[in-house]
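Numbering (UniProt numbering), first residue to last: 1 to 356. Take a look at the structure below.
What follows is the structure in structure tokens.
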């Protein structure tokens, strides 16, 4: 029984197409991310929204500066998602309006620049974003624009596999092993937050296995009766009962969703449920053993938009948009055909924060 996360366990969608190779994140500015908010501040209200550009700083470091130096209580600081340290990122924060006069202190935080500030009626909360725009440099590629474009065209047509990235699994990919022990024994060392995260890592591994199994069964871009499907345009989910819904899946209007097992989530039926049961059986697991978690469903794939490839003296620049909750590394491994994931820090991340 292998519960260690290894990227090579998971098949490429574009395995028949050559990759470009190369390296990412040689320099922080090689990996640029811009948050696309779900809404913009209205210009009135008691919450001040800040658009910050940062380089060489984690989201947590900025939050701690706002808490310790600006004096904002941590529970009153809002953030929509997490952004990595080794990147150049633009993201929104919110603080109560009454701390506005202390914002000049941000000048003391090296690597951070205030780009905009405006008022809104509510605090910014996790997940309050549409997604992220990425601008990523692949240095020393072996392939060129043609190879990258062929892969991206396939991904735009079929959707990007929505695998969880290595950030979810800890150093050495070992967190699912610890999560398994918690699920089976119901006890262990660590804070409640850590235990939730470790079980979340196991949920994520099972989801990745489910994606890979659907691929092997030829059901990546299909839905079958008993699936819970997601409408990409609206985000709504529904139980598939009509076999003709498969036509909408082929057009990437809807996609099957896989389980993050828990005590309260829509359960698949029939053939779709049997596929989920097969993944659980590999590890001797049962649905009821995840009752400590709420549970949710996650789409097998996400649409790719706004993509382009540009050749430059320093390498290939990829630009694209992905919806919240998805990982750019899932796209990069398809384009590069090397584990771009190896260049990333493995670290905990809240389950509903978007991944890079």
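Backbone N, C-alpha and C define an ideal beta-carbon position, used for all residues, glycine too. Everything numeric in this text was worked out from a predicted model, so none of it was measured.
For residue 335, there is no enclosing beta strand (DSSP E); the enclosing alpha helix (DSSP H) has its first and last residue at 328-336. Note that the C-beta distance between residue 217 and residue 279 is not below 8 Å. Assignment of residue 87 by DSSP, reduced to helix, strand and coil, places it in the coil class. Only residues of its own chain outside the window of five on either side were considered, and among them 47, 49, 78, 79, 80, 92, 93 and 94 have a CB closer than 8 Å to the CB of residue 124, listed in chain order. Per the coordinates, the alpha-carbon of residue 200 lies some 27 Å from the alpha-carbon of residue 337. Pairwise C-beta distances place the stretch 11-31 out of contact with the stretch 59-74, as fewer than three of them are shorter than 8 Å. Spanning the alpha carbons of residue 179 and residue 220 requires a straight line of approximately 27 Å.
Beta-bridge pairing by DSSP links residue 92 to 51.
Exposure of residue 4 is indicated by the presence of fewer than 16 other C-beta atoms within 10 angstroms of its C-beta.
Assignment of alpha helix (DSSP H) within the UniProt domain "TRUD" (159-302), counting only whole runs of 4 or more residues, yields 175-185, 192-216, 245-250 and 270-282 in chain order.
With contact defined as three or more Cβ pairs closer than 8 Å, the stretch 190-198 and the stretch 224-233 are not in contact.
Under the 10 Å beta carbon count, residue 146 is surrounded by fewer than 16 other beta carbons and is classified as exposed.
In this structure, the beta-carbon distance from residue 310 to residue 266 does not fall below 8 Å.
Between residue 283 and residue 297, the alpha-carbon positions lie close to 20 Å from each other. For residue 112, the uninterrupted beta strand (DSSP E) run begins and ends at 112-120, by DSSP.
Within the model, the alpha-carbon separation for residue 41 versus residue 318 is close to 30 Å.
When rounded, the separation of the alpha-carbon atoms in residue 137 and residue 164 is 22 Å. Going by beta carbons, residue 321 and residue 36 fall inside the 8 Å limit.
The C-beta of residue 334 has 16 or more other C-beta atoms within 10 Å across all chains shown, which makes the residue buried. In the structure shown, the three-state DSSP call for residue 42 is coil. Beta-bridge annotation (DSSP): residue 138 is paired with 316. Judged by DSSP in its simplified three-state form, residue 62 adopts helix.
Residue 153 is not bridged by DSSP to any residue. Cα atoms of residue 70 and residue 102: separation of roughly 6 Å, rounded to the nearest angstrom. For residue 119, the CB contacts under 8 Å within the same chain, skipping 5 residues up- and downstream, are 41, 42, 43, 44, 45, 46, 47, 48, 49 and 97 in chain order. Residue pairing by DSSP places residue 132 opposite 35 and 322 in a beta bridge.
C-alpha of residue 160 to C-alpha of residue 328: approximately 9 Å in a straight line.
Rounded to the nearest whole angstrom, the CA to CA distance from residue 135 to residue 33 is 6 Å.
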